Amino acid sequence: MSPSPPYHGPAVRRAVPLLALGALVASSLALAAPPAQAAETLLSQGRPATASSQEGDGYAPSAAVDGNLTGTRWASRWSDPQWFQVDLGQRSDLSRVVLTWEGAYGRSYQIQASDDGTDWRTLKTVTGGDGGTDELAVTGSGRYVRMLGTERSGGYGYSLWEFQVYGSTDGTPPATGAVEVTGSQGNWQLTVGGQPYTVKGLTWGPAIADAPKYLPDVKSMGVNTIRTWGTDGGTKPLLDSAAANGLKVVNGFWLQPGGGPGSGGCVNYVTDTTYKNTMLTEFTKWVETYRNHPATLMWNVGNESVLGLQNCYSGAELEAQRNAYTGFVNDVAKKIHSIDPDHPVTSTDAWTGAWPYYQRNAPDLDLYSMNSYGDICGVREDWEQGGYTKPYLITEGGPAGEWEVPDDANGVPDEPTDVQKAEGYTKAWNCVTGHRGVALGATLFHYGTEHDFGGIWFNLLPDGLKRLSYYAVKRAYTATAGNDNTPPVVSALAVSPASSAPAGGEFTVRADVRDPDGDPITYKIFLSGNYANGDKRLVEASWRSTGNGTFAVRAPEKLGVWKVYLQAEDGRGNAGIETKSVKVVAPPVTGTNVALNKPTTASSFQPSYGDCPCEPAKATDGRADTRWASDWSDPQWIQVDLGSATPVRKLQLVWDPAYAKSYEVHISDNGTAWRTIYSTTTGNGDIDTIDVAATARHVRLHLTARGTGWGYSLHEFGIYG
Numbered sequence: 095m096s097p098s099p100p101y102h103g104p105a106v107r108r109a110v111p112l113l114a115l116g117a118l119v120a121s122s123l124a125l126a127a128p129p130a131q132a133a134e135t136l137l138s139q140g141r142p143a144t145a146s147s148q149e150g151d152g153y154a155p156s157a158a159v160d161g162n163l164t165g166t167r168w169a170s171r172w173s174d175p176q177w178f179q180v181d182l183g184q185r186s187d188l189s190r191v192v193l194t195w196e197g198a199y200g201r202s203y204q205i206q207a208s209d210d211g212t213d214w215r216t217l218k219t220v221t222g223g224d225g226g227t228d229e230l231a232v233t234g235s236g237r238y239v240r241m242l243g244t245e246r247s248g249g250y251g252y253s254l255w256e257f258q259v260y261g262s263t264d265g266t267p268p269a270t271g272a273v274e275v276t277g278s279q280g281n282w283q284l285t286v287g288g289q290p291y292t293v294k295g296l297t298w299g300p301a302i303a304d305a306p307k308y309l310p311d312v313k314s315m316g317v318n319t320i321r322t323w324g325t326d327g328g329t330k331p332l333l334d335s336a337a338a339n340g341l342k343v344v345n346g347f348w349l350q351p352g353g354g355p356g357s358g359g360c361v362n363y364v365t366d367t368t369y370k371n372t373m374l375t376e377f378t379k380w381v382e383t384y385r386n387h388p389a390t391l392m393w394n395v396g397n398e399s400v401l402g403l404q405n406c407y408s409g410a411e412l413e414a415q416r417n418a419y420t421g422f423v424n425d426v427a428k429k430i431h432s433i434d435p436d437h438p439v440t441s442t443d444a445w446t447g448a449w450p451y452y453q454r455n456a457p458d459l460d461l462y463s464m465n466s467y468g469d470i471c472g473v474r475e476d477w478e479q480g481g482y483t484k485p486y487l488i489t490e491g492g493p494a495g496e497w498e499v500p501d502d503a504n505g506v507p508d509e510p511t512d513v514q515k516a517e518g519y520t521k522a523w524n525c526v527t528g529h530r531g532v533a534l535g536a537t538l539f540h541y542g543t544e545h546d547f548g549g550i551w552f553n554l555l556p557d558g559l560k561r562l563s564y565y566a567v568k569r570a571y572t573a574t575a576g577n578d579n580t581p582p583v584v585s586a587l588a589v590s591p592a593s594s595a596p597a598g599g600e601f602t603v604r605a606d607v608r609d610p611d612g613d614p615i616t617y618k619i620f621l622s623g624n625y626a627n628g629d630k631r632l633v634e635a636s637w638r639s640t641g642n643g644t645f646a647v648r649a650p651e652k653l654g655v656w657k658v659y660l661q662a663e664d665g666r667g668n669a670g671i672e673t674k675s676v677k678v679v680a681p682p683v684t685g686t687n688v689a690l691n692k693p694t695t696a697s698s699f700q701p702s703y704g705d706c707p708c709e710p711a712k713a714t715d716g717r718a719d720t721r722w723a724s725d726w727s728d729p730q731w732i733q734v735d736l737g738s739a740t741p742v743r744k745l746q747l748v749w750d751p752a753y754a755k756s757y758e759v760h761i762s763d764n765g766t767a768w769r770t771i772y773s774t775t776t777g778n779g780d781i782d783t784i785d786v787a788a789t790a791r792h793v794r795l796h797l798t799a800r801g802t803g804w805g806y807s808l809h810e811f812g813i814y815g
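Going letter by letter, the sequence shown gives residues 95 to 815 in the working numbering.
Spelled out as C-alpha cells, the structure:
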C-alpha cells in the first residue's frame with residue numbers, strides 16, 4: 095500500500111484557491127458506549143460439515159456437529175494431513191473451539207478460520223496434544239472453521255466425537271456479493287449482494303503489519319469500511335485482515351500530483367502517454383488480483399489531483415490539464431469495468447469545483463468522491479446547485495483543517511480544541527446522513543497513530559491514545575452512548591507570554607483539566623517546530639508543575655512560532671490533548687544596542703535567493719524578519735563600524751537556520767589590526783549571547799565553518815555597551 099499522502103485538502107467551494115495549501119490528517123461530552131455484545135453461542139451444531147476424508151459410511155463429517163458427544167463421530171483415513179471443517183453460514187466472531195476426541199486424536203493440529211473456505215487464517219496451533227477434550231480460546235472471525243491435523247497420535251486416523259465452535263454474531267449476514275450503485279436521481283443507494291450498504295468508514299493509517307492489532311478496534315467502533323490511497327502487491331494482508339474482521343476496503347490508486355498542491359509529481363496529462371499507459375497497466379494488474387477478494391468494496395482512482403494540478407500549471411494550460419486528467423480517470427474507469435463489473439469505480443478530489451470536470455469528462459465513474467472537512471455541510475448545497483446526476487462518497491472528513499481556520503495572535507492557524515474536533519466529526523456524519531439518497535456514506539479522517547503535528551490535529555488515537563474524537567465517531571456509527579471510559583477534557587488552555595517567550599527561558603501554561611470518570615491524570619508537555627523550522631515532530635519539553643493546572647515550560651533556543659501541547663492521560667488508554675502557539679523571541683539584553691543601524695559590511699551577500707537581497711545592513715537594522723546571508727563557502731566575515739571607540743560588554747547573535755559551527759569575534763581600533771576576544775567550535779544555531787569586556791570601534795565575526803550546506807545567515811548582530 096502506498097503511504098498516506100502528506101496533504102489532505104479541503105472542500106473549496108465554487109472557486110479554486112490561488113495559494114498552495116498547508117501540508118498535513120450533539121454535545122461532544124455525550125460520548126459513545128461500546129456496541130452491545132452478543133452472548134457466546136454454540137454456532138456449529140447442525141451446520142454443514144465437510145472433511146478431507148472419512149473412514150467409512152458410518153463416520154461422516156456431519157456426525158461431529160450433531161450434538162451427540164458419545165454416540166456418533168467423524169473419523170478420517172489413516173494418514174497425514176487431514177482436515178475437518180464446518181460452515182457457520184455467516185461470518186462470526188469466534189471465542190472458543192472445543193474438540194472432543196475419540197481414542198484416535200491429533201497430537202499436532204491447527205484451528206483455522208476463513209471467510210470464503212479457500213483462504214485460511216490460523217487462530218491456534220496445538221502441539222503435544224494428549225486427546226480427551228481440548229477447549230481452546232481463540233480470537234478472530236470467519237464463516238468457516240476447520241481443524242487441520244498435521245500429526246496423528248498413533249496408527250489410526252483422526253476421530254472426533256464432536257467439534258464445537260462458539261462465538262457471537264449480530265444476526266446480520268456478512269456483506270458479500272456484487273457491489274452496485276442502484277436507484278435513480280436523488281434516490282441512490284449502495285448495495286452489497288443486493289443488500290443496502292451505508293459506508294461507515296475511516297481512512298486507514300497504521301502499517302499493514304499492524305492490521306490484525308488495530309482492525310478489531312476499528313470494527314468495535316461500528317466501522318464497516320476502511321479507505322486506502324494506494325493498492326499494490328503488499329495490499330493483500332490488509333485486505334485479508336479486513337475480511338477477517340468483516341470490513342470492506344475502498345482500494346485507492348495514486349496518481350500524481352496527488353494530495354493537493356505541494357505534493358510533487360507534475361505530470362502532463364495532455365502529452366505524457368507513457369505515464370498514463372504505465373499507470374493504466376499497473377492499476378489493471380491489481381484490479382485483476384483483488385477483484386474477487388471479499389474485502390474489496392470499490393476502486394478509487396486518484397486523490398486531489400484536480401486541485402493539485404494548480405501547483406504545476408496555470409491559466410488555459412491548467413484547464414487543459416484538468417480536462418485531460420479527468421479524461422484519463424474515465425479511461426481507467428472503463429478499463430476497470432471491463433475487468434471487474436462487480437465493483438464501482440470512483441475518484442476523489444478535494445473540492446466540489448472538481449466535479450464539473452468529472453461530469454464533463456468522466457461519465458464512466460459510478461459515483462464521485464471528495465475530501466471535505468470544515469465545510470462538509472456545503473457539499474450538499476454545491477451538489478444541488480451544480481445539477482449533478484451521480485451520488486457521492488465523502489472519502490475524508492472531520493474537523494476543520496489548518497487551511498480553514500483563522501490565524502491566532504501569532505499568525506498561525508488556530509487549532510480547534512478536542513471538544514471542537516469531536517463536534518466536527520459529529521457534524522460531518524450528520525451532514526452525510528442528512529443528504530439521503532445522494533451521499534452514500536463516508537470514510538472519516540483519520541484512524542492514525544502518528545504522534546506529530548498532523549497526528550494531533552487529525553488522528554483519532556495518536557500514539558495509541560484515544561481522543562474525544564474517537565468516541566464521537568464511535569457514537570455516530572453505533573448510535574449508542576453511555577458507559578465508555580472517556581478521556582480527560584482540557585479547557586481554557588492559555589500560554590503566557592504567548593507572543594514574547596524568551597528563547598531558553600520559561601513561559602507558563604495554564605489549563606483546566608477534568609476527567610469525566612474521576613481517573614487520576616498524568617501530564618506530558620510537547621513542543622513542535624512545524625511553523626518555526628518545518629519539523630513536524632513532537633518533542634517532549636523541559637517543564638515543571640507549579641500547581642493548580644499551571645506549568646512552567648522551557649522555551650526552545652530557536653526563534654519563531656512554536657506549538658506547545660498539553661497532554662493529559664487517564665491511565666486507561668485515553669488522552670485529552672490541547673495546543674496553543676507561543677512565539678519565541680530573543681531574550682532581552684539590558685543596555686543599548688550600539689550596532690543598531692551602524693555601517694555594516696561583509697565578505698559577501700546573497701543578492702537574490704528566497705527572501706533576499708540579504709545585505710549586511712539587515713543584520714543591524716533591529717528587525718527579526720530581515721537577515722544578512724553570505725555566499726555558500728568558507729570563510730566569511732561580517733563587521734560593524736561603531737564610529738568611535740566604544741565599550742562593549744555583550745554580543746547577541748540571532749542566527750537564521752544557516753548558522754556558524756565555528757567562528758571568532760575580533761575587535762579593532764582601526765579596522766586593520768584585529769585581536770580575538772571570543773571563539774567557539776561548537777555553535778548549534780541557537781541564539782548566542784556572549785559576554786565580553788572590551789573597548790573597540792570595529793567588531794567583526796570571522797566565520798570559519800558552516801553548520802549547514804548553505805552559507806551564513808544572521809537575523810541580528812547585536813552589540814551592547
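Ideal Cβ placement from N, Cα and C applies to all residues, glycine included.
Computed from a predicted structure; not experimentally measured.
Test item: CB-CB of residue i and residue j under 8 Å
i	j	result
R185	G150	no
C525	R474	yes
I732	A713	yes
R794	H760	yes
Q206	L217	yes
W445	Y462	no
A787	T740	no
R246	D174	yes
For residue j and residue i, the rounded distance between their alpha carbons
i	j	result
T378	S441	16 Å
A689	D546	41 Å
G200	A154	18 Å
D613	F552	25 Å
H387	N504	51 Å
A105	G352	The predicted position of A105 is uncertain, since its pLDDT is 36 and thus under 50; no value can be drawn from it.
G280	G643	52 Å
P582	R190	36 Å
F620	A231	42 Å
V603	P493	25 Å
V364	A522	36 Å
E544	Y806	34 Å
T221	D228	12 Å
S262	A158	20 Å
W497	V506	10 Å
W168	T212	22 Å
A126	I615	Low confidence applies here, because A126 scores a pLDDT of 32, under 50, leaving its location unreliable; read the following figure in that light. Spanning the two alpha carbons is a distance of roughly 21 Å.
Unbroken beta strand (DSSP E) run spanning residue i, endpoints
i	result
S639	W637 to G641
P310	Element bounds for P310: not the beta strand (DSSP E) but the alpha helix (DSSP H), A305 to S314.
T774	W768 to T774
Residues near residue i by beta carbon distance below 7 Å, same chain, minus five either side
i	result
A427	V395, V439, A456, D458 and L459
V381	W393, I430, I433 and D434
Buried or exposed by the 16-neighbour rule on C-beta atoms within 10 Å, applied to residue i
i	result
E810	buried
E478	exposed
E509	buried
D705	exposed
Y467	buried
Q289	exposed
N764	exposed
G197	exposed
Own chain residues within Cβ distance below 8 Å of residue i, not counting five before or after
i	result
A597	A649, P650, E651, K652, L653, V678, V679, A680, P681, D780 and I781
L136	Q258, V259 and Y260
I488	S463, M464, N465, S466, I470, V473, A522, V526, A533, G535, A536, T537 and L538
Contact set for residue i: own chain, Cβ-Cβ below 6 Å, skip 5 residues either direction
i	result
A516	S122, L562, S563 and A566
Range of the contiguous alpha helix (DSSP H) that encloses residue i
i	result
A533	A533 -> not in any alpha helix (DSSP H); beta strand (DSSP E) instead, spanning A533 to Y541.
E478	G472 to G480
S563	L562 to T572
H431	G409 to I433
K652	No alpha helix (DSSP H) contains K652, which DSSP labels as neither H nor E.
Test: residue i CB closer than 8 Å to a CB of chain C
i	result
W477	Of the protein chains in this structure there is only one, and it is not chain C.
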